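Notes follow the structure.
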Amino acid sequence: QQPVQSPQAVILREGEDAVINCSSSKALYSVHWYRQKHGEAPVFLMILLKGGEQKGHDKISASFNEKKQQSSLYLTASQLSYSGTYFCGTAINFGNEKLTFGTGTRLTIIP
Amino acid sequence: SQTIHQWPATLVQPVGSPLSLECTVEGTSNPNLYWYRQAAGRGLQLLFYSVGIGQISSEVPQNLSASRPQDRQFILSSKKLLLSDSGFYLCAWGPPGQIYGYTFGSGTRLTVV
Chain A
1 QQPVQSPQAV
11 ILREGEDAVI
21 NCSSSKALYS
31 VHWYRQKHGE
41 APVFLMILLK
51 GGEQKGHDKI
61 SASFNEKKQQ
71 SSLYLTASQL
81 SYSGTYFCGT
91 AINFGNEKLT
101 FGTGTRLTII
111 P
Chain B
112 SQTIHQWPAT
122 LVQPVGSPLS
132 LECTVEGTSN
142 PNLYWYRQAA
152 GRGLQLLFYS
162 VGIGQISSEV
172 PQNLSASRPQ
182 DRQFILSSKK
192 LLLSDSGFYL
202 CAWGPPGQIY
212 GYTFGSGTRL
222 TVV
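Right, dumping it as structure tokens:
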């Protein structure tokens with residue numbers, strides 16, 4: 001089953017913060033986050049593994065709540081370059097060698 | 112370093128014609144390989160994945176097929192294209208175990224006319 005992302009779309013001014021959520025109906029082993037610019041391939045941002053960890057680099061971080069089967073991506077002090085569509089990808093267990101991608105969240109940063 | 116090549120970048124094909132899209136990976140061995148399709152403005156739909164030579168798992172029943180004749184080569188085919196096959200096709204690779212991110216190819220934009 002496809003994970004559900006929220007919001008579907010968001011418009012921010014440069015410097016504002018954003019949170020993108022990803023919810024699954026199944027227990028998860030790992031959650032991936034990707035960003036896709038228009039007309040381009042998705043680019044890997046980070047992965048979170050079962051265990052409820054939090055990760056981040058630069059001003060983009062993410063958390064994984066294993067019990068709630070949810071992950072959130074946090075973008076702090078957004079920059080114009082953050083614009084794009086963000087996808088979460090979920091794997092339900094180790095050895096199940098595929099990702100199911102979420103519905104996507106379109107983020108637009110305006111000056 | 113690892114690289115992934117996918118071609119062609121764009122393709123316009125008539126309904127009923129065959130299709131062959133190729134993807135190759137360099138700089139790694141025994142990668143997991145994936146074909147995804149993305150309709151305009153939509154999400155990523157997994158079509159096929161492979162964990163080894165000759166091993167293909169199909170996720171969506173349709174008139175497409177996939178093959179992995181060599182360790183780092185993944186091919187998507189169709190004998191007769193339908194209008195509904197139009198979309199952005201993405202090949203990706205990832206190490207086994209789902210604990211590392213995927214790297215996507217640059218994609219093939221297929222228009223069936």
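First to last, the protein sequences are chains A and B. The first sequence runs 1 to 111 under my numbering. The second sequence runs 112 to 224 under my numbering. Glycine included, each C-beta is placed from N, C-alpha and C at the ideal position. This one's a predicted model, so the numbers in the text were calculated from it and none came from an experiment.
Looking only at its own chain, which residues have a Cβ that is under 8 Å from the Cβ of residue i, when we skip the five neighbours before and after it?
i                : result
GLN166 (chain B) : ARG179
GLU14 (chain A)  : SER78, GLN79, LEU80, ILE109, ILE110, PRO111
ALA120 (chain B) : SER217, GLY218, THR219, ARG220
GLN8 (chain A)   : THR103, GLY104, THR105, ARG106
Would residue i and residue j qualify as a contact pair, given that the criterion is a beta-carbon distance under 8 Å?
i                : j                : result
SER24 (chain A)  : THR90 (chain A)  : yes
LYS59 (chain A)  : THR85 (chain A)  : no
ASP196 (chain B) : VAL223 (chain B) : yes
GLY218 (chain B) : HIS116 (chain B) : no
VAL10 (chain A)  : ALA18 (chain A)  : yes
LEU135 (chain B) : GLN173 (chain B) : Note that residue 135 (chain B) is Thr in the sequence shown, not Leu. No.
ALA27 (chain A)  : GLN70 (chain A)  : no
Which residue marks the beginning of the beta strand (DSSP E) containing residue i, and which one marks its end?
i                : result
LEU193 (chain B) : Looking at the DSSP string, LEU193 (chain B) is not in any beta strand (DSSP E), and its letter there is neither H nor E.
VAL123 (chain B) : 121-124
VAL223 (chain B) : 219-223
SER6 (chain A)   : 4-6
GLN113 (chain B) : It is not in any beta strand (DSSP E) - GLN113 (chain B) carries neither H nor E in the DSSP assignment.
Excluding the 5 residues preceding and the 5 following residue i in the sequence, name in chain order all residues of the same chain whose CB lies nearer than 7 Å to its CB.
i                : result
GLY198 (chain B) : ARG148, GLN149, ALA150, LEU221
GLN5 (chain A)   : ILE20, ASN21, CYS22, CYS88, GLY102, THR103, GLY104, THR105
TYR211 (chain B) : GLY205
LEU192 (chain B) : GLN124, VAL126, GLY127, SER128, LEU130, VAL223
By Cβ distance, which residues of its chain are closer than 6 Å to residue i, with the 5 residues on each side in sequence left out?
i                : result
SER176 (chain B) : SER188
GLY208 (chain B) : none
TYR74 (chain A)  : VAL19, SER61
Original post:
Which full runs of the beta strand (DSSP E) of 3+ residues lie inside the segment 137-187 of chain B, going along the chain?
Top reply: 143-149, 156-163, 166-169, 175-181
**OP:** Kindly provide the ranges of any beta strand (DSSP E) runs that are 3 or more residues long and lie completely inside the segment 8-84 of chain A, ordered along the chain.
**Re:** 9-13, 18-23, 30-36, 43-49, 54-57, 60-65, 70-75
**OP:** Residues of the segment 23-34 of chain A with a CB closer than 7 Å to any CB of chain B: list them in chain order, please.
**Re:** TYR29, SER30, HIS32
Original post:
Can you list, in chain order, the residues of the segment 71-87 of chain A whose Cβ is nearer than 7 Å to any Cβ on chain B?
Top reply: PHE87
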